[in-house]
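Beneath this line is the structure, given in structure tokens, with notes to follow.
In the numbering used here, the protein residues as written are -10 to 474.
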């Protein structure tokens, strides 16, 4: 296309645009002139019958010019927006209305208030407060009511969400009523908690008396640092099912762990030659840290095929490096244990009966052994089974024999007891520490002495002469027993 033709086309387009713009200006001038021109009597009469009013609407509602007419209008009067208002956003807006009567016009100004409403209203579980339409639409001036829905009749004892409708200015709106848990969990901090260096603690263990209407999760608001000794302030966050949370500060003392693990159940084991041994059965190990502790067993010194007394080593270590080593004795005998236990069972039937209390059974056993076994000053002291067998078959023995028979009778009857022996360095002597019905432990010795060690003479020990220090024992071995005074 030539430059001359292009220029001509541009000139034509410019001319058309100018003509349209001029027409718009002329029309605006005509309308303005019409509104400025004095109204005829008929137009004034018609416009006087129209009353306009301010209105309130919910955001997003559609409005028409007629919505601003309060009491209707004559059919000869038209009403329109000068500029159609928007209701997308809340606020107060001035709206010009044009009233027309034939070719005559008049402009009125009204106010449009655009409001929002609360689609959801929440109340706490257990709440008794009344809920009204004003909770959903707090702005005054609206004609509103619930439709097929009554919040005050809803069960508020538990959480729930309920849908309903609200009629506002003859328009229906969807609403929701929620009975919600709006209260955060409550708890009481646990004071005096000690954590060892480098260890951890569960947040749930640092609070107690937790109360909430729903399930509560526990976490640390800030990860605590337990890497050094001292007091640490720990923040524990409690969060319920509905997102309510509370934070409690708890003081935790961080300390060094210097205590080794502690073994339990390491009593002596007696077997017959060739029998198998379960070295870990009945043995437990605990630690002040509360952690699960594994332990090892070294039974390399035990020869199950040869009678004798052997030592088994038990070792345990906690994660702080504290180590415990304990030993137990394994006694291998040629005599059949089952045979001795059968003899003990038969003997028990002769001495006691099921109608007796444990205290009565203990006294009967003590007295029987003391009177029926003659003191000879000799016995095999390798194990209680051999000593008891010798005593029951020969009718004689020494202090170890009395102790052995009593021990096996107590075991058979389920009466708790343990061995007591005189401290090292003195001549040997054995007796028993037995649990009585009152929950206390008493020393029992059937060895026939001028004065017997019975429940009533619990801590008898000669103060001079032949019996001085007779019952001297290592008290540190029995700190876990509530020994009667």
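The C-beta atom is built at its ideal place from N, Cα and C for all residues, glycine as well.
Asked	Found
Mind checking residue 360: buried by the 16 CB within 10 Å criterion, or exposed?	exposed
In three-state DSSP terms, what is residue 89?	strand
Enumerated in chain order, which unbroken segments of the beta strand (DSSP E) with a length of 3 residues or greater are wholly contained in the segment 378 to 417?	406 to 410
Spell out a yes or no on whether the segment 321 to 339 and the segment 410 to 427 are touching, meaning 3 or more CB-CB pairs, one atom from each, closer than 8 Å.	no
Spell out the partners DSSP gives residue 297 in its beta bridges.	321
What residues are listed by DSSP as bridge partners for residue 175?	200
Identify, in the order they occur along the chain, each residue of the same chain with its Cβ nearer than 6 Å to the Cβ of residue 236, setting aside the five sequence neighbours on each side.	210, 224, 226
Once DSSP output is grouped into helix, strand and coil, what is the label at residue 78?	coil
Identify the continuous alpha helix (DSSP H) that holds residue 136 and give its terminal residues.	Note, residue 136: premise wrong, no alpha helix (DSSP H); beta strand (DSSP E) at 133 to 136.
Hey, out of 218, 84, 35, 42, whose CA is closest to residue 67's CA?	35
Is the beta carbon of residue 394 less than 8 Å from the beta carbon of residue 362?	yes
Nearest by alpha-carbon distance to residue 186: which of 390, 242, 81 is it?	242
Figure out for me which residue from 468, 259, 249, 31 has the closest Cα to the Cα of residue 325.	259
Decide if residue 30 is buried, meaning its Cβ has at least 16 other Cβ atoms within 10 Å, or exposed.	exposed
For residue 19, count the other beta carbons within 10 Å of its own beta carbon; 16 or more makes it buried, fewer makes it exposed. Which is it?	For residue 19, the predicted model reports a pLDDT of 42, less than 50, meaning its position is unreliable; a value from the coordinates is still stated below. Burial call: exposed.
For residue 211, which of helix, strand or coil comes out of DSSP?	coil
Along the chain, where does the beta strand (DSSP E) containing residue 110 start, and where does it finish?	109 to 113
Can you find the residues in the same chain that come closer than 7 Å, C-beta to C-beta, to residue 97, ignoring five residues on each side of it along the sequence?	41, 86, 88
In terms of residues, what are the limits of the beta strand (DSSP E) holding residue 169?	160 to 169
So, using beta-carbon positions, are residue 256 and residue 333 closer together than 8 Å?	no
Can you give the beta carbon distance from residue 296 to residue 323, rounded, assuming they're within the 8 Å contact cut?	5 Å
Comparing alpha-carbon positions, which option in 192, 229, 197 lies nearest residue 213?	192
Mind checking residue 377: buried by the 16 CB within 10 Å criterion, or exposed?	buried
Report buried or exposed for residue 350, applying the criterion of at least 16 other Cβ atoms within 10 angstroms of its Cβ.	buried
Could you work out which residue in 208, 180, 232 is closest to residue 220 when comparing CA atoms only?	180
Taking 8 Å as the cut-off, decide whether the C-beta atoms of residue 103 and residue 78 are in contact.	yes
Do you know offhand how far residue 352's Cα is from residue 267's?	34 Å
Excluding the five sequence neighbours on either side, which residues of its own chain have a C-beta within less than 7 Å of the C-beta of residue 218, listed in chain order?	186, 243, 244, 245
By Cβ distance, which residues of its chain are closer than 7 Å to residue 254, with the 5 residues on each side in sequence left out?	271, 272, 273
Could you tell me if residue 397 is buried or exposed, where buried requires 16 or more neighbouring beta carbons within 10 angstroms of its beta carbon?	buried
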